[in-house]
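Just so we're aligned: the sequence shown equals residues -26 to -1, 1 to 266 in mature numbering (1 follows the signal peptide of the UniProt record, and there is no 0).
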Amino acid sequence: MLIGPRLRATLLTAFALSLVSSRALADEASCKEGFEQADLLLKSTTGEVRLLEARERLRACANPSCKSWMVSDCTKSLAVLEQRLPSVVFFARTERGDELLDVKVEAGGEWLAERLDGRAIETDPGPRTFRFVLPSGEAYEVKAVVAEGVKAQAVTLRVSARPTTANPALAAAPITTAPEASGSGSSLRTTSYLLGGAGLAGLALGTYFGLRAISQKSDAKCDAAAECEDGDALAKARSSAMMSNVAFVAGGVLTASGVALFVLSTPDSSVRASMAPAVSQQAMGMTMTGAW
């Protein structure tokens, strides 16, 4: 059957009106749902504050296609909510204070940052647990209380903390735990005792040969002009003096090394020590400097 131009125009008009009516009904339902859900979220009695979700609901009912009174109420509530909504800035630093940038952050199963760039990120207020994931796959948890209405709150990770358990859905690589502390401190302390003991023995030996050299030089009966009656005794005195010097130098070096290792073996990482040789025309030895 052929449709005349007038009937065709009538049918097209009716179809267009039905589309407009359906869309209006859909918009009205969306506006009503957004208004009611936002009201429930903002008046939640469970203690969980979900401002981000409430904002999305308010944006839906603040659409110009909604009823005028609803648009007015939702717009006002949206302005108040924006003031309440906090934001955080993530930082990750090493023990030396170096900034780490290629770090991802997630909370509640949602990635909040793909890289640390200093930008503020909006989040819900209250106690939060943020997971920092390093490029190696190691993940660290930082617990923080995000204050409502405060913008750009700093949440900082110190990488010296122990990594958390891996989450396969979030980390590209398995997360490993930090290595246990080794017994290097105990080994250094034991070595320091051995070196210190050997050093004290060297100093004692140097003292013995020094006293022996003095006695042997006395037996040589030398006068003020260094003329000695007993040449053999003088030679023995010089030999003993040389052995005394060697023993004193070796004992001093070993003792200083033992003290340095003992200092370095302490668990306090702020303790530092260093040694350097000290040589002059009259003596040789070691100098040690440290900071406590």
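Heads up, the beta-carbon is just placed ideally off N, CA and C, and yes, glycines get one too.
- For the pair residue 170 and residue 226, the CB atoms are not nearer than the 8 Å cut-off.
- Buried is the label assigned to residue 229, since at least 16 other Cβ atoms lie within 10 Å of its Cβ.
- Taking residue 23 as the centre and dropping the five residues before and after it, the same chain places the C-beta of 98, 99 and 100 closer than 6 Å to its C-beta, in chain order.
- As for any beta strand (DSSP E) of minimum length 3 sitting wholly inside the region 90 to 131, the runs are 100 to 107 and 113 to 120, ordered along the chain.
- In terms of Cβ geometry, residue 134 and residue 69 form a close pair [threshold 8 Å].
- A distance of 8 Å or more separates the beta carbons of residue 51 and residue 96.
- Shown here, residue 32 sits in a helix according to DSSP, grouped into three states.
- A direct Cα-Cα distance of roughly 23 Å separates residue 11 from residue 81.
- When DSSP states are grouped into helix, strand and coil, residue 61 belongs to the strand group.
- Just measuring C-alpha positions, the residue of 16, 237 and 39 sitting nearest residue 160 is 237.
- Our two residues, residue 207 and residue 162, have alpha carbons roughly 45 Å apart in a direct line.
- Shortest Cα-Cα distance from residue 1 to any of 14, 25 and 41 involves 41.
- If you draw a straight line from the Cα of residue 26 to the Cα of residue 59, it is about 8 Å long.
- Counting along the chain, no beta strand (DSSP E) covers residue 74, and no H or E run does either.
- The residue among 215, 178, 201 and 31 with its C-alpha nearest the C-alpha of residue 188 is 215.
- The DSSP-derived three-state label of residue 56 is helix.
- Annotation: residue 90 to residue 116 spans about 15 Å, alpha carbon to alpha carbon.
- With distances taken between CA atoms, residue 108 lies nearest to 78 out of 86, 78, 129 and 83.
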